[in-house]
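Residue numbers (the working numbering), protein chains in the order written: chain A, 55 to 397; chain B, -7 to 423.
A quick write-up on the structure given underneath.
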Amino acid sequence: MIRKGRGIAGCLYSLTVPNAPNPCTANVLMREDGSVNIQMGIVDIGQGAQTAMCMMAAEFFTIPVEKVRIYTADTHATPYDFGTLSSRLTFVGGRALLNACQQVMDVLKSAAAMQLHTLPERLYCEGGFLKDKYDPAKMLPIQAAAAISQFVCRKMPMGQGEYYPFNVPADENGCGEPSVSYYYHASVADVEVDDETGVVTVKEIWSAVDCGKAINPSAVVGQCDGGTLQGIGWALGEDMYPYCTHNDGPAPEFDPDFRPRNLSDYPLPTTMDAPEIHSMFVESHDGEGPYGAKAAGEICANTAAPAIVNAIHDAVGVWITELPATPDKVLRAIREKQEKEGA
Amino acid sequence: MYEKQDYEVIGHSRPRNDAPGQVTGTVQYVCDLHLPGMLYAKPVLSTEHHARILSIDASAALALPGVHCVATSADAPDYCYGVTDHDTPCLAVNKVRYKGEMVACVAAESYALACKAASLVKVEYERLPAVFDPRDALKPGAPVIHDECQGTSYEGNLLLAGPGKTLKLRVGDVDKGFAESDVILEREFCTNPQKPLPIEPFATLAAPDDEGGLTVWSTQQCVFGIAEHVASIVQLPMSKVRMVAPAVGGGFGEKNQVGTEPVTALLAKLTNRPVKLELTTEESLMFTGTKHPMYFTYKLGAKRDGTLVALKWDCVTGCGAYSSVAKLISGKVAFWGAGPYLIPNQWSDVKIACTNKQIGSAMRGFGMGQPTFALEVLMDMLAEELGMDPLELRKKNMFRDGEHMSTGQAIRASGIGLCLDKVAEASGWGK
Chain A
55 MIRKGRGIAG
65 CLYSLTVPNA
75 PNPCTANVLM
85 REDGSVNIQM
95 GIVDIGQGAQ
105 TAMCMMAAEF
115 FTIPVEKVRI
125 YTADTHATPY
135 DFGTLSSRLT
145 FVGGRALLNA
155 CQQVMDVLKS
165 AAAMQLHTLP
175 ERLYCEGGFL
185 KDKYDPAKML
195 PIQAAAAISQ
205 FVCRKMPMGQ
215 GEYYPFNVPA
225 DENGCGEPSV
235 SYYYHASVAD
245 VEVDDETGVV
255 TVKEIWSAVD
265 CGKAINPSAV
275 VGQCDGGTLQ
285 GIGWALGEDM
295 YPYCTHNDGP
305 APEFDPDFRP
315 RNLSDYPLPT
325 TMDAPEIHSM
335 FVESHDGEGP
345 YGAKAAGEIC
355 ANTAAPAIVN
365 AIHDAVGVWI
375 TELPATPDKV
385 LRAIREKQEK
395 EGA
Chain B
-7 MYEKQDYEVI
3 GHSRPRNDAP
13 GQVTGTVQYV
23 CDLHLPGMLY
33 AKPVLSTEHH
43 ARILSIDASA
53 ALALPGVHCV
63 ATSADAPDYC
73 YGVTDHDTPC
83 LAVNKVRYKG
93 EMVACVAAES
103 YALACKAASL
113 VKVEYERLPA
123 VFDPRDALKP
133 GAPVIHDECQ
143 GTSYEGNLLL
153 AGPGKTLKLR
163 VGDVDKGFAE
173 SDVILEREFC
183 TNPQKPLPIE
193 PFATLAAPDD
203 EGGLTVWSTQ
213 QCVFGIAEHV
223 ASIVQLPMSK
233 VRMVAPAVGG
243 GFGEKNQVGT
253 EPVTALLAKL
263 TNRPVKLELT
273 TEESLMFTGT
283 KHPMYFTYKL
293 GAKRDGTLVA
303 LKWDCVTGCG
313 AYSSVAKLIS
323 GKVAFWGAGP
333 YLIPNQWSDV
343 KIACTNKQIG
353 SAMRGFGMGQ
363 PTFALEVLMD
373 MLAEELGMDP
383 LELRKKNMFR
393 DGEHMSTGQA
403 IRASGIGLCL
413 DKVAEASGWG
423 K
C-alpha cells in the first residue's frame, strides 16, 4: 500500500572558511569606452560566480552588464584567491571586487571633476553618468571620464581591492568567532512509501535558502534545485560502499568490492527522478556582504535527507537512522515494526 | 556593504555570461585543449584495498614503440601533499592504502597506446589486512594504515586533531543540563559516502614552457592552492608553475583537492613534452574522493515544553586512506553539530579515523550535511516524544539575533526562521 508522509528540516552553514585566513583580491580596470575588465583568481565551476561578479561591477558603475568582462583562474595573470569552496565567492570575492571598483571610481571622479570644473567629492554616479550633486548642468558620461583619465591625465582607471573575512579562530573548547557570517536553509519533503516494497518516492519538495540579497535570483534558484536533487540522491541511494542486501535474504553483508564501477551501477538521480522542486530564497539583512549578499552554494544539499527521513516516519512510522534509505532498509524497518506490534 | 533600496542590475535574473558559449560549444574545457607533440597519459590504479607493493614491472609497457615513460614513485621526489597533514604521495610509495590509488602512470604517443601500455604494467602485491569501518579502525589490533606518520599525524589509525587528539566543543555543563531535562533521547546515526560526481571527471594538461617552467591547465576549483603542491612535486619554485583553470564542468568540492595535477606535471617534466591525463568516469569513481561517512551518537535533553537544554554528540569521521580535508570537515561537525538552535549546554567530541576506503573529499555541504541529518531526525523524534509539531519545536529553539551560538559568537541576520516560515507556508504545513 502506498503511504504518504511529510517532513521538515533546517540547517545553518558558515560561509567563508572557518578559523583560517581566506582572502580574495580583485583587479578592476575601466577602458576608454566605459567597458570594464575584471581579473580575479576565482574559478567558476558552473555556479555562476563570473556572472555574479559582472553584475556587481555593472551595478556599481551603473553600466550594462554586457560592458563587463571577467578573466579568472590563472596563477600568473590573475590576483590571489583562496579557492571555490566554503560558499565564499560571492561574499568574499564580491567585497574584494567592490573595493577595487571604489578605487576606479575615485580615479574617474578626479578626471571628470577636472573636465567639469568641479570637485571630485561633489560627484556621484547615476545612469552611466557622473553628476554634480549641486549643479545639475555638470554631468559627464562615465566612459568620457574613463577616456579623459586615460588620454588626458594618462592615468588608467585601475584599482586593486582586497577583502579578508574576519574571524577569531576557535580555541580548544570551540570558543571563538570562526566565521564572519552564516546562512540558513530549510526543506519540507512530501514522500510516498510503498510499505510492501520499501520504495520511497519523493513527490514534492520545498527548499528555501537564506542567501542574503540575491545577486542573480535565477542562479540562487539553480543552486537550490541542484543541491536539493543531490540531497535526494544522498538520502535514497548514492553510496560508494553499499552493503549487499536482498529484500528477503539474510542480514546485509559488507563487501568492499561491491562498489559501483560506472554510472550504470550508481543511482545518481537524473532529471527523470526529480520530484517537483519548489526552490525559493529569503533575504536576511547582513551588513557585511556585497550589496547584502550572503551565499547559496553548499547548504542546499543538506536538509533534503533529514526532511525525507522525517517524511518516511510520518508515512510508515519507522525511523531510518542509517543513510541511505534504500528499499531493503525501509522494508526491514517496516517488517520489524509490524512484528513488534503483532507481538 | 553598498546596500540600497532599488537596484538596476542586482536582484534581476539573468543567464550566465558564458551561456552562449556553452550552448554553441565554443567553451573550452581541458579535454578540448590540444598541443603539438602532446602525449597521452593513462593511470595504473591499485587493485588492492591495502597491500605492500613488492614490484612494479613496466618493461613490457616500455618496450612498445611510442611509450615514453611509465612513472612510479621512484620518479617522484620524496614529497607528500595534503591539506592539513602531508601524508599523500603523488604515486603510491611502498604500499597502497585503497583500491583505486594511483600506482603508476604511462605517457605515450596516443591514448590507445597509453591504455595498452598501462595494461602491461605488472604490479605484484602482498595483500595486507584491511579495515573499512572507521569505528573498527580505532579498535586495538586493527591493521595500521599509515606506518610512517605515527606520532606526528596518526596514532594507530586515529588522525590526530586538536590538542587532545580529537576535536571538541564545550559549552555550559551538559551533565547538569541532562539532570534538568524532562526528556532525554539518545540515538545513533550514520551517513553514507556519496560521490561528488561532477559531470566532467578530473583532467589535466601540463606543458613545459621555454623558461624551464610548466603551464598546467586543470579541472580545479582552487588554482593557487594546488599550484603549491604541483611545484613541490616537480621541484620548481611556484613562480615557474602557472596553473590555469579553463571552463570547469562542475566540482561539488572534489576539485579543490589535488587530483590529476601532480602526476601529469611529473610526466611532463620527465618527458619534456606536453602531457594530458583525462580520467574516465570509471577511473574517477575509483580514484577520487567521497563525502565523509560519519557515525554519530547524539543525546538530546529537553524540557516538557520543548525547550532544548543539553546536547551531547560523539562522532567518528571516516577519512578514508588519507587525511585530506578531514580535520576541517570534522571541526565543523564539532562546532555546529547543534544546528541553528539555541542550546545552553553542549558537548562534542569528534574523532577522525583512517580506513582503506577512498579518500574523504570536500563535498557540497562540507561537514554540515552529516550532523544536520542526525540532529534534524533527532528533533523529529523529540517532537514525537513530546507530542509537539516538528515545526513548532524548531521555531521555539531556533537562533534569534542578539543571542549567542555554540562558539560564543553573537548571532546576526539569522535567516532560519525566514526559511522555515517560507517552506511551511509554501507547502501548506499543518493544513
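Don't be surprised by glycine CBs; every beta carbon is placed ideally from N, CA and C.
This structure is a prediction, so every number in the text was calculated from the model and none was measured.
### Query
Mind listing which residues of the region 215 to 227 of chain B have their C-beta closer than 7 Å to chain A's C-betas, in chain order?
V215, F216, G217 and A219
### Task
Report the residue from A/I388, A/Q392 and A/A379 whose alpha carbon sits nearest the alpha carbon of B/V369.
Along the second sequence, read from residue 1 onward, the residue named residue 369 of chain B stands at position 377. Selected option, being the one with the closest Cα: A/A379.
### Message
Is there a Cβ of chain A sitting closer than 9 Å to that of B/G148, yes or no?
### Response
Counting from 1 along the second sequence, the entry for residue 148 of chain B is found at position 156. Chain A, which has no Cβ nearer than 9 Å to the Cβ of B/G148, makes this no.
### Query
Does the Cβ-Cβ distance between A/F145 and B/G217 come in under 9 Å?
Along the first sequence, one-based indexing puts residue 145 of chain A at 91. Along the second sequence, one-based indexing puts residue 217 of chain B at 225. No. Outside cutoff.
### Task
Closer than 9 Å by beta-carbon distance: list the chain A residues that pair up with B/T256, in chain order.
Counted from its first residue, the second sequence places residue 256 of chain B at position 264. Simply none; closest approach about 16 Å.
### Task
Assuming B/F327 contacts B/S398 (C-beta within less than 8 Å), just tell me the rounded distance between them.
In the second sequence, counting from the first residue as 1, residue 327 of chain B sits at position 335. In the second sequence, counting from the first residue as 1, residue 398 of chain B sits at position 406. 6 Å between Cβ atoms; contact.
### Query
Along the region 186 to 216 of chain B, what residues have a CB closer than 8 Å to any CB found in chain A?
Q186, K187, L189, P190, Q212, Q213, C214, V215 and F216
### Query
Would DSSP call A/E231 helix, strand or coil?
Along the first sequence, read from residue 1 onward, the residue named residue 231 of chain A stands at position 177. Strand at A/E231.
### Task
Give every residue of the same chain whose Cβ lies closer than 6 Å to the Cβ of B/E178, excluding the five residues on either side of it in the sequence, and list them in chain order.
The residue you call residue 178 of chain B lines up with position 186 of the second sequence. Taken in chain order, the residues that qualify are K291.
### Query
Is it a yes or a no for the region 89 to 100 of chain A touching the region 117 to 126 of chain A, going by three-plus beta-carbon pairs under 8 Å?
yes
### Task
List in chain order: all unbroken beta strand (DSSP E) runs of 3+ residues lying wholly within the region 235 to 292 of chain A.
235 to 248 and 254 to 264
### Assumed close pair A/Y188, B/P332 - CB separation to whole angstroms, cut-off 8 Å
On the first sequence, residue 188 of chain A is found 134 positions in, with the first residue counted as 1. On the second sequence, residue 332 of chain B is found 340 positions in, with the first residue counted as 1. The pair is not a contact, with the Cβ atoms about 48 Å apart (cut-off 8 Å).
#### Entry: Anticipated Cβ contact below 8 Å, A/A243 with A/A358, distance rounded
What you label residue 243 of chain A is simply residue 189 of the first sequence in a count that begins at 1. What you label residue 358 of chain A is simply residue 304 of the first sequence in a count that begins at 1. Going by Cβ atoms, the distance from A/A243 to A/A358 rounds to 7 Å, so yes, they are a contact pair.
### Candidates B/E253, B/N248 and B/G357: closest to B/S224 by CA position
In the second sequence, the residue the question calls residue 224 of chain B occupies position 232. Taking only the C-alpha atoms, the option nearest B/S224 is B/E253.
### Whether B/Y32 touches B/E101 by CB criterion (9 Å)
Locating residue 32 of chain B in the second sequence gives position 40, where the first residue counts as 1. Locating residue 101 of chain B in the second sequence gives position 109, where the first residue counts as 1. Yes.
### Task
Give me whichever residues DSSP pairs with B/F288 in a beta bridge.
Residue mapping note: residue 288 of chain B aligns to position 296 of the second sequence, counting from 1. According to DSSP, B/F288 bridges with B/F181 and B/C307.
### Query
From B/V233 to A/L162, what does the alpha carbon distance come to, in whole angstroms?
For the purposes of this step, residue 233 of chain B is taken as the residue at position 241 of the second sequence. For the purposes of this step, residue 162 of chain A is taken as the residue at position 108 of the first sequence. For B/V233 and A/L162, the distance between alpha carbons rounds to 36 Å.
### Query
Can you tell me whether DSSP reads B/S322 as helix, strand or coil?
Indexing the second sequence from 1 puts residue 322 of chain B at position 330. Reduced to three states, the DSSP call for B/S322 is helix.
### Task
Following the continuous beta strand (DSSP E) through A/Q93, name the residue where it begins and the one where it ends.
Taking the first sequence and counting its residues from 1, the one referred to as residue 93 of chain A is at position 39. From DSSP, the beta strand (DSSP E) with A/Q93 extends over V90 to M94.
#### Entry: Whole-angstrom C-beta distance between A/N364 and A/A63, which should lie under 8 Å
Counting from one through the first sequence, the residue named residue 63 of chain A turns up at place 9. Counting from one through the first sequence, the residue named residue 364 of chain A turns up at place 310. The Cβ separation is near 6 Å, so the contact holds.
### Task
Return no unless some Cβ of chain B is closer than 9 Å to the Cβ of A/L177.
Working through the first sequence from its first residue, we reach residue 177 of chain A at position 123. Closer than 9 Å: no.
#### Entry: Anticipated Cβ contact below 8 Å, B/V115 with B/I48, distance rounded
Locating residue 115 of chain B in the second sequence gives position 123, where the first residue counts as 1. Locating residue 48 of chain B in the second sequence gives position 56, where the first residue counts as 1. Rounded, the Cβ-Cβ distance is 5 Å, consistent with contact.
### Message
I need the straight-line Cα distance from A/P211 to B/M30, nearest angstrom please.
### Response
Along the first sequence, read from residue 1 onward, the residue named residue 211 of chain A stands at position 157. Along the second sequence, read from residue 1 onward, the residue named residue 30 of chain B stands at position 38. So the alpha carbons of these two residues sit roughly 41 Å apart.
### Message
Could you check whether the Cβ of B/Q20 sits closer than 9 Å to any Cβ belonging to chain A?
### Response
As a first step, residue 20 of chain B is located in the second sequence; it is residue number 28 there, counting from the start. Output row for B/Q20: interface = no.
### Message
So B/A345 and B/P126 are supposed to be a Cβ contact under 8 Å. How far apart are they, rounded?
### Response
Counting from one through the second sequence, the residue named residue 345 of chain B turns up at place 353. Counting from one through the second sequence, the residue named residue 126 of chain B turns up at place 134. The Cβ separation is near 4 Å, so the contact holds.
### Task
List the whole-angstrom C-beta distance separating A/E113 from A/Y345, where the pair is believed to meet the contact cut-off of C-beta under 8 Å.
Start at 1 with the first residue of the first sequence, and residue 113 of chain A comes out as number 59. Start at 1 with the first residue of the first sequence, and residue 345 of chain A comes out as number 291. Going by Cβ atoms, the distance from A/E113 to A/Y345 rounds to 7 Å, so yes, they are a contact pair.
### Query
According to the neighbour-count rule (16 or more other Cβ atoms, all chains shown, within 10 Å of its Cβ), is A/H332 buried or exposed?
Start at 1 with the first residue of the first sequence, and residue 332 of chain A comes out as number 278. Classification for A/H332: buried.
### Task
Let me know if A/V97 comes out buried or exposed under the rule of 16 or more other beta-carbons within 10 Å of its beta-carbon.
By one-based count along the first sequence, residue 97 of chain A stands at place 43. Classification for A/V97: buried.
### Query
Alpha carbon to alpha carbon, what distance is there between B/T347 and B/K91?
The residue you call residue 91 of chain B lines up with position 99 of the second sequence. The residue you call residue 347 of chain B lines up with position 355 of the second sequence. Answer to the nearest angstrom: the Cα atoms are 11 Å apart.
### Query
Using the C-alpha atoms, what's the distance from B/M94 back to B/M230?
Working through the second sequence from its first residue, we reach residue 230 of chain B at position 238. Working through the second sequence from its first residue, we reach residue 94 of chain B at position 102. Near 24 Å, if we compare the C-alpha coordinates of B/M94 and B/M230.
### Residue environment, A/N227, which counts as buried when at least 16 other CB atoms sit within 10 Å
Translated into the one-based positions of the first sequence, residue 227 of chain A becomes position 173. It counts as exposed.
#### Entry: Residue-level contact to chain B via CB, A/V242, 9 Å cutoff
Counted from its first residue, the first sequence places residue 242 of chain A at position 188. For A/V242, the answer is yes, since a Cβ of chain B falls inside 9 Å of its Cβ.
### Task
Report the three-state DSSP secondary structure of B/Q213 (helix, strand or coil).
Locating residue 213 of chain B in the second sequence gives position 221, counting from the first residue. DSSP places B/Q213 in coil when its eight states are reduced to three.
### Query
Is it true that the CB of B/H42 sits closer than 9 Å to the CB of B/L120?
On the second sequence, residue 120 of chain B is found 128 positions in, with the first residue counted as 1. On the second sequence, residue 42 of chain B is found 50 positions in, with the first residue counted as 1. Yes, the pair counts as a contact, with Cβ atoms nearer than the cut-off.
### Query
CB-CB under 6 Å to A/D265, same chain, minus the five flanking residues each way: which ones, in chain order?
Along the first sequence, one-based indexing puts residue 265 of chain A at 211. Looking at the sequence shown, residue 265 of chain A is not Asp but Cys. Closer than 6 Å at the Cβ level, and outside the excluded window around A/C265, lie V274, F335, K348 and A350.
### Cβ distance (whole Å) where B/A445 is taken to contact B/P266 below 8 Å
Since the first and last residues shown for chain B are -7 and 423, residue 445 of chain B lies out of range.
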